[in-house]
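Student: Just so you know, we're using my numbering here: the sequence shown kicks off at 700 and counts up by one.
We put the CB at the ideal spot given by N, CA and C, even for glycine.
Below is the structure I would like to discuss, written out as structure tokens.
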Amino acid sequence: MCLTGLQDVPVFHYKTKEVLVGQNASLPCLIKNVTYNIVIVSTEWTKKDPKRTKLALFTPGHDYVYFVPNVTLKTIYNGNDRLIGTHVELLNVDKRDAGTYICYMATYPSGSFKRETELKVKGMHYSPYHVHIYLDRSLLKVHTG
Numbered sequence: 700m701c702l703t704g705l706q707d708v709p710v711f712h713y714k715t716k717e718v719l720v721g722q723n724a725s726l727p728c729l730i731k732n733v734t735y736n737i738v739i740v741s742t743e744w745t746k747k748d749p750k751r752t753k754l755a756l757f758t759p760g761h762d763y764v765y766f767v768p769n770v771t772l773k774t775i776y777n778g779n780d781r782l783i784g785t786h787v788e789l790l791n792v793d794k795r796d797a798g799t800y801i802c803y804m805a806t807y808p809s810g811s812f813k814r815e816t817e818l819k820v821k822g823m824h825y826s827p828y829h830v831h832i833y834l835d836r837s838l839l840k841v842h843t844g
């Protein structure tokens, strides 16, 4: 007997996501059609950089594993309590968080696949000094007479 997996698993993810400095970014990686008898064995998120920085790992039946401090992972289930994927949440992003993020998903019987999302971070990073000056100017009142 020969078992063959599904060749193309439809997955919802963003090709590109834009956020402002200081916002949180949520990047999904979800199986679109759960009518297939697909079981997610594990999901891993990494950032595509020279070190291929691991961000988070989830395997059903085990705890979440985090490798960097400003990341959380949300598991998403459908109405039948079937795991359909994850969202990686990047908290309080800054310009250094811009780049390509990769979701690796291992499934049974379809095997493994990956999806990439490019995160663009817009806006300026303000230091406490800049915020203080900005607030002082916004409170400035001019009296004439």
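Relative to the C-alpha of GLU788, which candidate in ASN777, GLY822, CYS728 has its C-alpha closest?
Tutor: Translated into the one-based positions of the sequence shown, residue 788 becomes position 89. Of the listed residues, the one whose Cα sits closest to GLU788 is CYS728.
Student: How should THR816 be labelled, buried or exposed, when 16 other C-beta atoms within 10 angstroms of its C-beta is the threshold for buried?
Tutor: Locating residue 816 in the sequence shown gives position 117, where the first residue counts as 1. Buried, by the Cβ-count rule.
Student: CA-CA distance, THR752 and ASN779?
Tutor: Here residue 752 is taken as the residue at index 53 of the sequence shown, counted from 1. Here residue 779 is taken as the residue at index 80 of the sequence shown, counted from 1. If you take the alpha carbons of THR752 and ASN779, they lie about 33 Å apart.
Student: What does the alpha-carbon distance come out to for the pair LEU790 and VAL718?
Tutor: Translated into positions along the sequence shown, residue 790 becomes position 91. Translated into positions along the sequence shown, residue 718 becomes position 19. Cα to Cα, LEU790 sits roughly 11 Å from VAL718.
Student: Go ahead and pull the three-state DSSP assignment for LYS819.
Tutor: For the purposes of this step, residue 819 is taken as the residue at position 120 of the sequence shown. Residue state, collapsed to three classes: strand.
Student: Can you have a look at LYS714 and say buried or exposed, based on whether 16 or more other CB atoms are within 10 angstroms of its CB?
Tutor: Locating residue 714 in the sequence shown gives position 15, counting from the first residue. Per the 10 Å Cβ criterion, exposed.
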